[in-house]
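Number of protein chains: 4
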Amino acid sequence: MLNEKELELLQKEVYEANLYLHNSKLAIHTWGNVSAISKDRKYMVIKPSGVSYELIKSTDMVIVDLETGKSQGLNPSSDAPTHLLMYKANDEIRAIVHTHSTHAVAWSQAEQAIPCFGTTHADNFLGAVPITRVLSGAEIVENYEFYTGKAIVEAFQDQGSMPKNGAILARRHGPFTWSSKSPKDAVDLAITLEEVARMAMFTKMINPSISSLSKDLESKHYYRKHGANAYYGQAKKIK
Amino acid sequence: MLNEKELELLQKEVYEANLYLHNSKLAIHTWGNVSAISKDRKYMVIKPSGVSYELIKSTDMVIVDLETGKSQGLNPSSDAPTHLLMYKANDEIRAIVHTHSTHAVAWSQAEQAIPCFGTTHADNFLGAVPITRVLSGAEIVENYEFYTGKAIVEAFQDQGSMPKNGAILARRHGPFTWSSKSPKDAVDLAITLEEVARMAMFTKMINPSISSLSKDLESKHYYRKHGANAYYGQAKKIK
Amino acid sequence: MLNEKELELLQKEVYEANLYLHNSKLAIHTWGNVSAISKDRKYMVIKPSGVSYELIKSTDMVIVDLETGKSQGLNPSSDAPTHLLMYKANDEIRAIVHTHSTHAVAWSQAEQAIPCFGTTHADNFLGAVPITRVLSGAEIVENYEFYTGKAIVEAFQDQGSMPKNGAILARRHGPFTWSSKSPKDAVDLAITLEEVARMAMFTKMINPSISSLSKDLESKHYYRKHGANAYYGQAKKIK
Amino acid sequence: MLNEKELELLQKEVYEANLYLHNSKLAIHTWGNVSAISKDRKYMVIKPSGVSYELIKSTDMVIVDLETGKSQGLNPSSDAPTHLLMYKANDEIRAIVHTHSTHAVAWSQAEQAIPCFGTTHADNFLGAVPITRVLSGAEIVENYEFYTGKAIVEAFQDQGSMPKNGAILARRHGPFTWSSKSPKDAVDLAITLEEVARMAMFTKMINPSISSLSKDLESKHYYRKHGANAYYGQAKKIK
Numbered sequence: 001m002l003n004e005k006e007l008e009l010l011q012k013e014v015y016e017a018n019l020y021l022h023n024s025k026l027a028i029h030t031w032g033n034v035s036a037i038s039k040d041r042k043y044m045v046i047k048p049s050g051v052s053y054e055l056i057k058s059t060d061m062v063i064v065d066l067e068t069g070k071s072q073g074l075n076p077s078s079d080a081p082t083h084l085l086m087y088k089a090n091d092e093i094r095a096i097v098h099t100h101s102t103h104a105v106a107w108s109q110a111e112q113a114i115p116c117f118g119t120t121h122a123d124n125f126l127g128a129v130p131i132t133r134v135l136s137g138a139e140i141v142e143n144y145e146f147y148t149g150k151a152i153v154e155a156f157q158d159q160g161s162m163p164k165n166g167a168i169l170a171r172r173h174g175p176f177t178w179s180s181k182s183p184k185d186a187v188d189l190a191i192t193l194e195e196v197a198r199m200a201m202f203t204k205m206i207n208p209s210i211s212s213l214s215k216d217l218e219s220k221h222y223y224r225k226h227g228a229n230a231y232y233g234q235a236k237k238i239k
Numbered sequence: 001m002l003n004e005k006e007l008e009l010l011q012k013e014v015y016e017a018n019l020y021l022h023n024s025k026l027a028i029h030t031w032g033n034v035s036a037i038s039k040d041r042k043y044m045v046i047k048p049s050g051v052s053y054e055l056i057k058s059t060d061m062v063i064v065d066l067e068t069g070k071s072q073g074l075n076p077s078s079d080a081p082t083h084l085l086m087y088k089a090n091d092e093i094r095a096i097v098h099t100h101s102t103h104a105v106a107w108s109q110a111e112q113a114i115p116c117f118g119t120t121h122a123d124n125f126l127g128a129v130p131i132t133r134v135l136s137g138a139e140i141v142e143n144y145e146f147y148t149g150k151a152i153v154e155a156f157q158d159q160g161s162m163p164k165n166g167a168i169l170a171r172r173h174g175p176f177t178w179s180s181k182s183p184k185d186a187v188d189l190a191i192t193l194e195e196v197a198r199m200a201m202f203t204k205m206i207n208p209s210i211s212s213l214s215k216d217l218e219s220k221h222y223y224r225k226h227g228a229n230a231y232y233g234q235a236k237k238i239k
Numbered sequence: 001m002l003n004e005k006e007l008e009l010l011q012k013e014v015y016e017a018n019l020y021l022h023n024s025k026l027a028i029h030t031w032g033n034v035s036a037i038s039k040d041r042k043y044m045v046i047k048p049s050g051v052s053y054e055l056i057k058s059t060d061m062v063i064v065d066l067e068t069g070k071s072q073g074l075n076p077s078s079d080a081p082t083h084l085l086m087y088k089a090n091d092e093i094r095a096i097v098h099t100h101s102t103h104a105v106a107w108s109q110a111e112q113a114i115p116c117f118g119t120t121h122a123d124n125f126l127g128a129v130p131i132t133r134v135l136s137g138a139e140i141v142e143n144y145e146f147y148t149g150k151a152i153v154e155a156f157q158d159q160g161s162m163p164k165n166g167a168i169l170a171r172r173h174g175p176f177t178w179s180s181k182s183p184k185d186a187v188d189l190a191i192t193l194e195e196v197a198r199m200a201m202f203t204k205m206i207n208p209s210i211s212s213l214s215k216d217l218e219s220k221h222y223y224r225k226h227g228a229n230a231y232y233g234q235a236k237k238i239k
Numbered sequence: 001m002l003n004e005k006e007l008e009l010l011q012k013e014v015y016e017a018n019l020y021l022h023n024s025k026l027a028i029h030t031w032g033n034v035s036a037i038s039k040d041r042k043y044m045v046i047k048p049s050g051v052s053y054e055l056i057k058s059t060d061m062v063i064v065d066l067e068t069g070k071s072q073g074l075n076p077s078s079d080a081p082t083h084l085l086m087y088k089a090n091d092e093i094r095a096i097v098h099t100h101s102t103h104a105v106a107w108s109q110a111e112q113a114i115p116c117f118g119t120t121h122a123d124n125f126l127g128a129v130p131i132t133r134v135l136s137g138a139e140i141v142e143n144y145e146f147y148t149g150k151a152i153v154e155a156f157q158d159q160g161s162m163p164k165n166g167a168i169l170a171r172r173h174g175p176f177t178w179s180s181k182s183p184k185d186a187v188d189l190a191i192t193l194e195e196v197a198r199m200a201m202f203t204k205m206i207n208p209s210i211s212s213l214s215k216d217l218e219s220k221h222y223y224r225k226h227g228a229n230a231y232y233g234q235a236k237k238i239k
């Protein structure tokens, strides 16, 4: 088991990323949530359900046992079962963010994946941002949040497995983003996704018959920032 | 009759909720108004009509006699007769908010109820946010604000009575929200309504032929936050 | 002639209204301008052309002779000839505002008057906000700003004369508002106009075939705030 | 070669213009970049690639040799090859800005030039804001950023050469603006372009069949602010 100090630091990191999400206006009220996983991948730390940021502190972040799904203290975010399944699907995922950001939600409510219309999108996401399948009535009634997680994982079955960084729209619900780096990085991706969703909506409004970006340009931009031959950014981290 | 102290506290609560409405950008200038009702349901406290927030203080909030509709001091908001009828329609309503928030007004001007397109809506409102019936020319001329209240109450006749918490669009005018909890909670609902209205408009722009949410998902989400088996949020209030 | 003190006070009032316009985000950069007229209606005070707010002070506001159009000091706003014609058209107009606010400009570029779609509009403007006629090539080349003023005045010919308070869209250019009260009031009207223009655009997007408000509701709302039997607001001014 | 002091001042000017771009919300995260050229036109100073504003200082701005394209220190913005070609195309260009501002990107993703719909546009850009040609698959793979610069220069071939001040949309990518005056002025143009792009989108939404501005009005407005007979603004600079 992790020592206390490690979990406390993780709570702090998750707390700060939740504040960052809130201050970035990705959701009003207490909507949205950020989680992270411990190094031994035995514990998930996540925002408590439906509580105001003025009332909570770092140590109120809920620690959930990954195996049993059990937790102590405050109730975890109602989306916790969704997060749990995503962590189990790829061992490199370190943090997950769910928001109700306006334009990403609009695409998910419109039941459409977000097409890759330009380099802003291609620099950050490879291809369209996918949308989960329709859940059956039985799945919704039995355990909506669990089957949402299941549908997210299934959406990447064709490409082998879930990528370690990425974004998806839960159909009729809203966006999830995840990162192999940090909770803050996952929130940054959620900010990017909202901007890409907004640009895509405006693009369709200006030219309803516009097609997706060519594969040439799509790959060029994604791989100039990601993968072995990336040349965007700095080779070494700036302190 | 209520003692002076109680009414003063209610004035303060209403004053602060009006400021909250204003700071939340739900209306420009002095538009919009918040009211609350005393515990004995004999007095409504409401914002004065058309006055600037810099010029008024808590004790300027107007106390209106629920039975006679009479008041002293400043003129109450011109929408006061609408509020009065709503309080009389359900004894559990504690506070009412009217705003001119941009997207909710746009739906009301477009003469359309706001369809339930996703879980953000379903978490907060059960089914479409309704819109009031057309008022007759005679109703408009005789007493527009009174008949607006009457039309709001009538909109819920099919379901027995007005819910104790809810939202509606006054046709060609704008949104009203109300709460069984507090003036602040009613403003929170007005913020939610504006965000839901904005998301719904964008959803239609992305996919003009999108249908409403399935009844399964609609009920699931509304009742996970409301009713006897709600599991969203915390069982106990956090202090 | 006015004494120096009176003109200085007018410069201060115009300067502050220009700052208010700028801080209200009705125009980026140094776009937009506010003017006011002296009590003897011999002098107009207006913002200098194309200068940054950080670089000017109250006494830089340009004093223009109403009869000759001549001024001293800095160049007046290039729209000055438009303002001059408007002041001459109705002796009760005290201040004029021109902005490049986004949605009002969009309607003027779309060559459409802003239809009255709801009570927010009807509370403030009687009927559609009109748009000026097409200017001829000769008028544009000879004196664009003068003929813009002429076209504004002509737009109200059918109803006898220009109202003392109001709003209009200069075709393909942008909005003008004016007030019989003060420069600040004229800016308030410009803020209202922008919000009404934004609501109207969204209304059309939600329901492209929506018609204008019924005459009953239009009159009811305009006259509840304006005219002899107005009951909106306070009878006495609050200090 | 320039002396050290001169380059340091240029770095400071470029650094401050990058901050101005960021604070003007023309791009989220670290997106967008500003460059300037030394007086001898031997060195370009540009923002480093993908670094956070909190982590960099004025002296981190990268100095690139115009002839060889080589630099020292941090990696320059990945768009540096595009900037280099633009400087070489007109000796009067002093600064270049690239942003991902939402509405300008939407037009570029929609593969449409921004039509001149009104005087706000015509006051600042002569005619439509053009869009670059389609790049071939080979150009994209070989050197996307170089060929983007080439396509920008080619877009002005018909009119002899690139203007010394202007704006263009890189197809499916985003806007570039440039100025003969200063980095700050180029950012101001980028702010103007985004506002013009936003107004143009709204104009099309209100009236999808609207045509471009008449040539009379287009020329009138552009030349009242630019060229030998400009009468907008002040003849002398205000200190």
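Residue numbers (full-length UniProt numbering), protein chains in the order written: chain A, 1 to 239; chain B, 1 to 239; chain C, 1 to 239; chain D, 1 to 239. Backbone N, C-alpha and C define an ideal beta-carbon position, used for all residues, glycine too. This one's a predicted model, so the numbers in the text were calculated from it and none came from an experiment.
Item	Value
For residue 49 of chain B and residue 9 of chain B, the rounded distance between their alpha carbons	20 Å
Where the beta strand (DSSP E) through residue 129 of chain B begins and ends	Per DSSP, residue 129 of chain B belongs to no beta strand (DSSP E) and is neither H nor E.
Beta-carbon neighbours of residue 232 of chain A, restricted to chain D and to distances below 7 Å	49, 50 and 78
Any chain A beta carbon closer than 8 Å to residue 220 of chain B	yes
Inter-residue spacing [alpha-carbon to alpha-carbon] between residue 170 of chain D and residue 144 of chain D	11 Å
Interface positions of the stretch 57 to 87 of chain B facing chain C (Cβ-Cβ less than 7 Å), listed along the chain	74, 75 and 78
Contact with chain C by residue 105 of chain B, beta-carbon distance below 8 Å	yes
Test: residue 205 of chain C CB closer than 8 Å to a CB of chain D	yes
CA-to-CA distance, residue 80 of chain A to residue 157 of chain A, given in whole angstroms	22 Å
Range of the contiguous alpha helix (DSSP H) that encloses residue 137 of chain D	137 to 154
Minimum Cβ-Cβ distance from residue 140 of chain B to chain C less than 8 Å	yes
Coil, strand or helix - residue 167 of chain A by DSSP	strand
Which listed residue (C/130, C/198 and C/116) has its alpha carbon closest to that of residue 221 of chain C	C/116
Pair within 8 Å by beta-carbon distance, residue 108 of chain C and residue 118 of chain D	yes
Between the CA atoms of residue 152 of chain C and residue 68 of chain C - distance to the nearest angstrom	20 Å
Cut-off 6 Å between Cβ atoms - residues of its own chain near residue 147 of chain C, not counting five sequence neighbours on either side	135 and 139
Within chain B, partners of residue 110 of chain A - CB distance below 7 Å	203, 206, 207 and 210
Those residues which DSSP pairs with residue 174 of chain B across a bridge	B/170
Coil, strand or helix - residue 43 of chain C by DSSP	strand
Near the ligand ATP: residue 27 of chain D beta-carbon under 7 Å from a heavy atom	The ligand content of the structure shown is nil, which means the ligand ATP is not present either.
Complete runs of the alpha helix (DSSP H) confined to the stretch 61 to 92 of chain B [at least 4 residues]	80 to 89
8 Å Cβ cutoff, residue 114 of chain A in contact with chain D	no
Close beta carbons around residue 24 of chain A, own chain, < 6 Å, minus the five adjacent residues each side	191
Residue 51 of chain A in three-state terms, based on DSSP	coil
For residue 85 of chain C and residue 155 of chain C, the rounded distance between their alpha carbons	13 Å
Same chain only: Cβ atoms within 7 Å of residue 184 of chain B, ignoring 5 sequence neighbours per side	17 and 20
Residue 97 of chain B (DSSP reduced to helix, strand or coil)	strand
Residue 110 of chain C - partner residues in DSSP beta bridges	Looking at the DSSP assignment, residue 110 of chain C forms no beta bridge with any residue, so it has no partner.
Cβ pair residue 186 of chain A, residue 175 of chain A closer than 8 Å	no
Proximal residues, the stretch 86 to 102 of chain D versus chain E, C-beta separation under 7 Å	Structure shown: chain E not included; protein chains present are A, B, C and D.
Residue 57 of chain D, buried or exposed, once every other Cβ within 10 Å from all chains shown has been counted against 16	exposed
N-terminal and C-terminal residue of the beta strand (DSSP E) that residue 33 of chain B is part of	33 to 37
Per-residue contacts from residue 137 of chain A into chain B (C-beta, under 7 Å)	216
Beta-ladder partner(s) of residue 179 of chain C, from DSSP	C/95
Any chain C beta carbon closer than 8 Å to residue 125 of chain D	no
Contact between the stretch 118 to 127 of chain D and the stretch 85 to 97 of chain D (3+ Cβ pairs under 8 Å)	no
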